[in-house]
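The structure appears right after this line, and notes come after that.
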Amino acid sequence: MTLLENPPEASAPDRPVKANWFRLLLADPAAFVSALILLLVAFVAVFGKRLAGDSAVTGDLSLSRLAPFSLDHGWQYVLGGDLLGRSLLGRLMVATQTTMSVVVPVVLISLVIGASVGMWAGYHRGWRETVAMRIADVVYSFPSLLMAVVVLYIFSPSIASIIAILAITRIPVYLRTARAESAELQTRLFVDAARTFGTPSGAIIRRHIFPIVLPTLLTVATVDFCYVMLAESSLSFLGIGVQPPDVSWGLMVAQGRDQLRTQWWLSVLPGLAIVITTVSANLLASWVRIATDPGQRWRLTTPRRRRRAARPTVLETT
Amino acid sequence: MLTFLRRRTLTSLPPLLAVVLGVFVLARLTGDPAALYLPENATAQAREQFSAAHGFDQPIWSQLIDYLAQVTRLDFGTSLRTGEPAAVMALRAFPATLQLAVVTMLLACAVATAVGCWAALRPNGLGDRISSLMSMTAASVPDFWLAILGIWVFSIMLGVLPTSGVDAGGLSWVLPIAVLMLRPAGVLTQVVRGAMIAALGSPYVKVARSKGAGERRVVVRHALKNAAPPALTVAGDLAVGLINGAVVVESIFGWPGIGKLMIDSILQRDFAVLQAAVAITAISIFVLNIGIDLGYALLDSRVRQKVGAAA
Amino acid sequence: MTAIGMEVSGLTVELATPRGTVRAVDGVSFTAYRGRTLALLGESGCGKSMTAQAVAGLLEPIASVTAGSVQVDGEDLLKVSRKRRRQLAGPALSIVFQDALTALNPVLKVGTQLAEPYRIHQRMPARQARAKAIELMRHVGIPEPESRVDAYPHQFSGGMRQRLLIAMAVALSPKVLIADEPTTALDVTVQAQILALLARLRAEHDMAVVLITHDLAVVAEEADTVAVMYSGRIVETGPVDEVFEDPRHPYTRGLLDSVPVDAERGSDLSSIPGAPPDLFSIPPGCPYQARCPLVRDVCQTERPPLETRAGRTVACHVAEGTAR
Amino acid sequence: MTHTPHGLRARNSRAAALLAAATVSLAATGCSVANTTSGDSAGAGNTLRVVLPQEPPTLEPCEASLTATGVVVRSNITEPLLERNPTSGALEPKLATEWTQTQPTLWTFKLRPGVKFSDGSDFTSEDAVAAIERSANNTALACNVQGYVFGDSGKLTLAAPDAATVTVQTEQPDPLLPLRVSFVEMTKSDISTTEKVREPVGTGPYKIESWAAGQKLTLTSWDGYWGSKPRYAKAEYQWREEGTVRAAMVVNGEADLATNLGADDGAGDTGVQYPNNETTALRFSTDQAPLDDIRVRQAIDMSVDRQGIITSLFGGIGQPASQLIGPGVVGYNESLTPTPYDLTAAKALVDQARADGVKVDTPFRIIGRTAQFPKIAESIELIQSALTQIGLTAKIEMLDTSAQIKYQLRPFPEGAGPVALMIMHGNQAGDAAFTVGQYFATDGAQSSSGSPQLDQQIKAAGALTGDARQQAFADVFASENQDIRGFTFLANMGAVLGLAKNVSYTPDAATGDELRLADVKPKS
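Residue numbers (UniProt numbering), protein chains in the order written: chain A, 1 to 318; chain B, 1 to 311; chain C, 1 to 324; chain D, 1 to 524.
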């Protein structure tokens, strides 16, 4: 049921859609800033190593534990130096790449596998569903950090094995979500209709179920983004995360924890990087959720003053 | 209801068994502990003796059969490290973690419900934005980092809390719980907020308002009960995840719980203890899942009907 | 007998949308008499539901009332305090929604929901309120109310759910009952039962009923007065007999002409060529100009006011003297 | 920084604590506790509170050479016949008053009279024989002491001619026998010979009062101890993994003594630096390119910035090392000096080797044990980065103890490839024989280098006594550095002890392995 029986904006398809999106983004300053931050993170992840230069790799022990916020030793040392006298800014930039090259594949792999299996299981129901769910139960009922520890002791901790194990432990999250939604959708009329036309099940899943499940999955993925970064950091705390000379934000936080009281910047700054990135991702995700939902889009455009005056109530009606 | 419980227990058994078997095999793949437990210059013969004495020289499947035979007699083996029965060690450590987890989850749920509901009343308002930002931040702070910072600030700088340990009464609980609950509280707040926004927007809330129901009644009686199921699911997942946090928190605060026991057992290749600890954890997770299913039934009559139908 | 139940005048509702503010309801006025039914008739999107929600004080935050008044019992519902507004919700004015499945709380027993008006407004003890709920259920024709009072909404059929919703609305004998498409989601036979129930309750409680619908047949059978809405405005209003017999506004006429003579109840209003104007680009002058067969120059420049001439109330430049 | 020591003693039960934590009265409780505690640490009264890095897995005395066990057991709960003074290196009487080599293969120990076990029974030669038998000859029990000190001693034949005399017959003449026996903690003769005992009865100044596994271990002094009564009536051990937490406990007044702190753990002015027994080094597998060429190994040796590591990473604790043992151990060579840091010379050596056809570009692994010593990962990283600069290719691999130990002990994993292993060696015994046989001899359990000549030298040195022994072992270290260079020595390590203001204790090299509570005194 839609209370605005004809959402006013829906009746004007002739307006350029892209400009509209950008305006919607501008209308939410928090989301706009988040988008800029994520762009910056992506940029640094790609070019950071080159930008950071030598000072991120070769240390100068005389600059060991250099305090931040001083330009005396060049821009590279504006955030101070680490124990080996490398530029902390440079290290953060290099770490961005490693962190992203762990987090992004983990999220993508678990998303793709979990979503495919989940949609398949939910669509077919029956034994396929049972088997998939029981396997997910097994993975889920063993604390993921301990599983990672056991597995990383078998296969020595490399970026590839960290990605593999973290992806495995995250698959059930997507699998459960996708299964639940697809099980619900497969009873709907349009799926029935497609089935009666003889559309193969793979195509139905791809064309009819996937697009509807996707937004939910993406929301889960954003939350997971943060989870994976923290999990990687916890692994580093236990000494089996990303291994030196590679460096990730999580590893920097873990290694810097001893210096928290003396050289706080060694762990606080990479910690901030994790927090800022995940908060940005979450803010942008919640913006996407609102912007793609016609029933809620108005929130982004209603003048703030009016909104506050409005009665606190009711919004989405689908 | 009983039938539901019985069926649920039966379907939970194979995964439970799979977890125990999986850990058994995986743990043994991490290597023979002989080198760890024998002196550095022990002879090859001594090592073989050690392996034979503990059965590590057998093929994995035969070790597994022996182990299962043992377990059916409720004998979980003896710790290599301490010489104590593994089950005793696991059972001793379990309550400490359970208490920690229960208090943490209760507090996290309380905080999340209060803040989430409040934020949902004015979505995108200033309060909502601030609480969202705070809950997102809470959910993304590394726990070990927060633990050390907490000790520094509250124990050393302010001197109001003990640094660690369990013997300072209620005060000992403050830091571990604060650290442990931050992530669940942050995530749950977001979930409650989302579910409450959806519930507050639904027609039945309009109807309730049209009956003259006040804000309190609308939120507590009408919306919250509808928003609870999704929050319950997430709370269950977070409770399972607490074990991860417990590993870190217990290590740092010297909390004698099962998370620390498991990680130590892995490090020390103390397989018997690891298996006992994993078994008890897995069982409690299954109990938790069943509890969550029952919680659904309690909250939602539609589910209750299905549960009843199974009876 | 024909006391005024509710008097709405100049009600204007604006929506804040991504592309600016639009007027969804523009100066709507009508009077509902007790013991009578007033039908608000129009296509979807014409603003009739919005009008109902504005009157009931249930607008979404996106929408706000910018002008007008709603008088019930000498009080302007739009001006009273929130607390007073809550006190009036139920005893003075209540509303029945279209989709009873979503309008009933799925996790609460129907008895609890039915008892709620008594609990809120009369602070009745639970046991007593429950008895009242059973009485209400019997009142609206639900069989075996004693055993079903503890059931949940999903255990009732669509028609029964709608009855429950109506029961809840009439619990405190409101002076005004707004029924927002109360039968749209129902089978034809059930529709008739529900409408009959509404008619009975109207008489018993001496309520002014505002029936919001797009169904001409329903209007013809149930309403005493009709107000035809188009693009957020009332374009013609009057006693149903008169309006349906001799529509003065080209839009009303178009609606009536589009229904086959032997039309069944429930046929849609969709056969006038063209579509209502986009709310963002309502042209100056008459909003119906683009679809009007009688359009003239003046229609494109001047907005026709809703005027009473010769006993008929119409908003049209050309309507005068177009009697059939 | 404010020091608010509070005696947070446990009275509430866990359940009550749970309640308290969950209620609002929490803040109020917090205030009252903070306010009622005075400057005088309530716990100190007569209890010494010690915080260790880990819980003792067991208190079995025959495992006392394991640090986690020994630090609690040795000389506190149980005592040996004689003990080595960690500073002078001399053996001093404990439960034996004198010991003599009555024949080349026979040692006689005279026991101290009037010694009692904490359960009241007398300590006799029968107990001593059983204890030595159990620790030295009982291979089935697989005691750590058995492997650590008696692994190469051959079978001992024990006898108790009278209640106050014990004789030990060795297969070969063994000048080290008294030193070995100093590792044997005395237990009662009825102690199990087939199973390890978690809570032993000993003759030490303290006995076990209670052990709440996972939480706390309490020792209490007992009347009837043969020596002078210790100053603290009770000792409470707790354990915390993180050094920062251990330091915080002392700073915050929750513990009186914290062991094994790092420079960055924040002990502040409660921290006392002391050299411990440990020496860190990179051990090379000398059989594969590029590490099979001595010039490459020398080049690596030159590219380690020892002073830089100690200053920047270890916070100034420790000394650059020139050999695998520290001063104070018999056989330490005073004349050896740490290799100077010289990247240019190192690069020249590598280039020279390359010119001679050595495959210097072959990658090798630097393997380290996670958290073996503070800043191990950073140290290895620094070394690896220097190696890159001199033209070598090294990969870092940090492993957990169990995985790392496979590379440390023979037989090494097959197909391991060239490995530089970060090791940390502590010579608890005080005699180089316990080092060189293990690490330098071609068949040593932890050796991956060596030569027949060096083997000869080691064997010859082992048979000597006195100054000749000192000189011979010193020569062994010189030869290793000169001819083999199977190691790059990093540092003679040090540690920090957190010591509360009102406690007086002087740590020595053995503190990490054996913390004698009787030496800890309240400050007057």
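All C-beta atoms, glycine included, are put in the ideal place defined by N, C-alpha and C. As the structure is a computational prediction, the values presented were derived from the model and not from experiment.
Between residue 37 of chain C and residue 211 of chain C, the gap from beta carbon to beta carbon is short of 8 Å.
Here DSSP, grouped into helix, strand and coil, assigns residue 195 of chain C to helix. Where residue 423 of chain D is concerned, the enclosing beta strand (DSSP E) starts and stops at 419–426. Proximity of residue 260 of chain D to chain B, defined by a Cβ-Cβ separation below 8 Å, is not satisfied. In the DSSP assignment, residue 158 of chain D is bridged to D:168.
For a Cβ distance threshold of 7 Å, nothing in chain D lies close to residue 140 of chain A: the least Cβ distance comes to about 25 Å. Residues 247, 248, 249, 252, 270 of the same chain have their beta carbon placed closer than 7 Å to that of residue 95 of chain A, with the five preceding and five following residues left out of the count.
Taking CB atoms only, residue 278 of chain A has a neighbour in chain B less than 8 Å away. In the three-state reduction of the DSSP assignment, residue 253 of chain B falls in the helix class, which pools H, G and I.
With 16 or more other CB atoms across the displayed protein chains lying within 10 angstroms of its CB, residue 49 of chain C is buried. Its Cα nearest to that of residue 212 of chain A, the residue A:185 stands out among A:185, A:194, A:195.
Comparing alpha carbon positions, the residue from A:165, A:192, A:58 closest to residue 81 of chain A is A:58. Restricting attention to B:274, B:265, B:225, B:252, the CA atom closest to the CA of residue 296 of chain B is found in B:225.
Residue 53 of chain D is positioned such that its CB atom lies no closer than 8 Å to that of residue 69 of chain D. An exposed status is given to residue 79 of chain C, since fewer than 16 other beta-carbon atoms sit within 10 Å of its beta-carbon. Contacts with chain D at 8 Å (Cβ-Cβ) include residue 258 of chain A. In the same chain as residue 286 of chain B, and ignoring 5 residues on each side of it, the C-beta atoms closer than 7 Å to its own belong to 12, 16, in chain order. For residue 46 of chain B, the neighbours in chain D by C-beta distance under 8 Å run, in chain order, 139, 142, 147. Contact annotation: the region 78–89 of chain B touches the region 265–277 of chain B, with at least three C-beta pairs closer than 8 Å.
Restricting attention to beta strand (DSSP E) runs no shorter than 3 residues, the region 153–211 of chain C encloses them at 176–180, ordered along the chain.
In the DSSP annotation of this structure, residue 486 of chain D is not part of any beta strand (DSSP E), being labelled neither H nor E.
Under the DSSP definition of a beta bridge, residue 494 of chain D partners with D:275. Less than 8 Å divides the Cβ of residue 231 of chain C from the Cβ of residue 277 of chain C.
Only exposed fits residue 144 of chain C, as fewer than 16 other CB atoms lie within 10 angstroms of its CB.
In terms of Cβ geometry, residue 287 of chain D and residue 485 of chain D do not form a close pair [threshold 8 Å]. At least one beta carbon of chain A lies nearer than 8 Å to the beta carbon of residue 385 of chain D. With fewer than 16 other CB atoms across the displayed protein chains lying within 10 angstroms of its CB, residue 275 of chain C is exposed. Distances from the alpha-carbon of residue 97 of chain A to those of A:44, A:63, A:126, A:121 put A:44 closest.
In the three-state reduction of the DSSP assignment, residue 249 of chain A falls in the helix class, which pools H, G and I.
Residues of chain B whose Cβ lies closer than 7 Å to the Cβ of residue 106 of chain A do not exist, since the nearest Cβ in that chain is about 15 Å away. Sorting D:502, D:491, D:326 by C-alpha distance to the C-alpha of residue 434 of chain D places D:326 at the top. Counting only unbroken stretches of 4 or more residues, the alpha helix (DSSP H) elements lying wholly within the region 214–263 of chain C are 216–222, 240–245, 250–258, in sequence order. For residue 116 of chain D, the pairing in a beta bridge is given by DSSP as D:122. Per the Cβ contact rule, the region 407–415 of chain D is not in contact with the region 379–392 of chain D (fewer than 3 Cβ pairs under 8 Å). Not a single CB atom of chain D sits nearer than 8 Å to the CB of residue 24 of chain B. When only Cα atoms are considered, residue 142 of chain C and residue 201 of chain B end up about 29 Å apart.
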